[in-house]
Amino acid sequence: MALHGGPSPSPFWQPKTSTQRLLATFYKALFIAGVVHVHVMLTTTLHRSGAFCAAVAFIAIETGWTSFAVEDEKTGSVTLHFPPKKLGHSSFAQFWSNVIFTPLILHFYRSLVSPWWARVLLFPCNIWALEIIEGYILMFLFGRNVAWEYRGSSAFFHGNITLDYLLPWMLLGGAVEAAWEPLLEGAIGAFDEADAAKYLLPVAGIFTLVLAPKMSAVAIFTAITTDKGGEPEKKKSATTKKKAAAASADQSRRRSRSRARSPAKKSPATKKSSQKKPVRSSSRPRARNHSAPLMFSKNDRVEANFKGEGEWYTGKVTKVWPIGTYNIAYDDGDTESHVPEEWLRLESSKKGQ
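Take -15 as the starting number for the sequence shown in this note's numbering and just add one per residue.
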């Protein structure tokens, strides 16, 4: 039930050249065919019916969860919003991974663990095992986990599982245990007797392939045949380029007007002979003595001679380079890299203190 975020790191090698991608498409197709064949060989129609019902139910659960949940991209922490701000989502890869591997966490798990209370307590381990298997297979096929990604310090196995979901998975195990005999077992049996899977699986395949918002047919093909991991870079149209150019020109005009209205005032003369005087725009920066200490530090408020043109504007040091140059973020939103010390001075208000 993780949110679908940025690409999870994959431990598997991915093809780069056209020939490698063509061969990879072939051997990955053989791999999928082999997995499906083993699945059919080791399961009964009852198992497959149960897997289909569980996959449909989990799509509903995940869509509901992602409707309410908002995940922090850096820490992986999740906050819930009521009412939901957007409709949630699931994916083609999530659905069909569950169809193939859910028999492991239903019938096989119930036959392996007898006491009901033990099944509830160990259900998170059951889910984590499933996520590891499915996650690494998806990473092998697509170069990343296209179905889910966990972030934060509690995420393990390349973001395929998280310990933060211990309680939710345990609650899900309790719900499955409580509903198994009175509801789930009978529904799966009826579904199997009607041989519904034979008719519904093709429909579900087409439906999820076309409509699953995170993995359309085009995205799946692109993910397998390129090294972009299902997220091909979009080329900018001519209209988009024109809009971007117009916006850039407009921003430059606003910046020029802002500088014309309020250039930074020159600081009053100081008697400290050790402080360097700013150079004129026509003078080139002198070669720096690298044994001398740096005059400015990160986050210092300064005035900078913008591009050495003689106009001084206020800003902040964002990076200090060992060679004695600085990156500056100006108050008007502009930035400049590798500004020499000779083009910098402390902000006027600080000098007067």
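Just so you know, even glycine gets a beta-carbon here, dropped at the ideal spot from N, CA and C.
When burial is assigned at 16 or more other CB atoms within 10 Å of the CB, is residue i buried or exposed?
i, result
"Gln4", "exposed"
"Glu55", "buried"
"Met123", "buried"
"Pro306", "exposed"
"Trp132", "buried"
"Tyr93", "buried"
"Pro87", "buried"
"Thr63", "exposed"
"Trp(-3)", "exposed"
"Asn283", "exposed"
"Val83", "buried"
"Lys250", "Interpretation of Lys250 is limited by its pLDDT of 44, a score under 50 that renders its predicted location unreliable; no figure is taken from the coordinates."
"Thr367", "The requested residue 367 does not occur in the structure, where the chain is confined to residues -15 to 337."
"Leu114", "buried"
"Ala81", "Position check: residue 81 holds Ser in this sequence, whereas Ala was assumed. Burial call: buried."
"Phe76", "buried"
Just the C-alpha distance for residue i and residue j, rounded to the nearest angstrom, thanks.
i, j, result
"Glu215", "Leu330", "Because Glu215 carries a pLDDT of 39, less than 50, the predicted location of this residue cannot be relied on, and no value is offered for it."
"Leu150", "Thr309", "50 Å"
"Ile43", "Asp316", "48 Å"
"Lys335", "Glu287", "With a pLDDT of 44 at Lys335, under the threshold of 50, the predicted position of this residue should be treated as unreliable, and no value is reported."
"Lys303", "Glu295", "21 Å"
"Cys109", "Asn129", "20 Å"
"Glu46", "Ser74", "6 Å"
"Ser95", "Thr50", "32 Å"
"Lys343", "Gly119", "The question about residue 343 has no answer, for the chain in this structure spans -15 to 337."
"Ala313", "Trp327", "14 Å"
"Ser2", "Pro(-5)", "21 Å"
"Arg135", "Gly143", "6 Å"
"Gly299", "Arg285", "6 Å"
"Leu125", "Pro152", "28 Å"
"Asp148", "Met154", "11 Å"
May I ask you to list the residues that DSSP assigns as paired with residue i?
i, result
"Gly289", "According to the sequence displayed, residue 289 carries Asn and not Gly. Trp296."
"Ala53", "Leu64"
"Thr309", "Pro324"
Measuring CB atoms only, is the segment 11 to 28 touching the segment 156 to 165, in the sense that at least three cross pairs come out at less than 8 Å? no
Pairs of beta-carbons, one from the segment 164 to 176 and one from the segment 20 to 38, closer than 8 Å: are there three or more? yes
Of all the alpha helix (DSSP H) runs that stay within the bounds of the segment 61 to 135, which reach a length of 4 or more residues? 76 to 87, 93 to 96, 100 to 105, 107 to 126
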